[in-house]
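A.B. asks:
In my numbering, the protein residues as written are 8 to 94.
1) Below 8 Å between beta carbons: does that hold for residue 72 and residue 63?
2) Could you tell me how far apart the beta carbons of residue 88 and residue 68 are, in whole angstroms, since I believe they sit closer than 8 Å?
3) State the Cα-Cα distance for the pair residue 49 and residue 94, rounded to the nearest angstrom.
4) From residue 8 to residue 29, what does the alpha carbon distance come to, in whole angstroms?
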């Protein structure tokens with residue numbers, strides 16, 4: 008009995024195995040690159056959160072200090088602004 012030529016399915020499976028082997032090799036080599044990318048994402052997220060919160064709080068305090076027609080809130084906001092400026 009003669010050996011049969013590989014079918015299309017067998018060739019596709021062999022090609023997939025080869026590609027999977029190459030991808031596995033790439034993943035093993037780029038662990039440090041992946042860790043570095045994750046670190047930079049974390050730093051960017053932290054910095055963005057900090058800057059965003061700073062802008063929101065400063066805008067809120069500025070708007071509260073300009074409210075003079077509500078005595079309690081206006082006085083409270085002025086006290087907060089004075090404490091911040093002292094430090």
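Even glycine gets a Cβ: it sits at the ideal position worked out from N, Cα and C.
C.D. replies: The short version:
1) no
2) 6 Å
3) 30 Å
4) Here the model assigns residue 8 a pLDDT of 49, short of 50, so the residue's position is not dependable and the matter cannot be decided.
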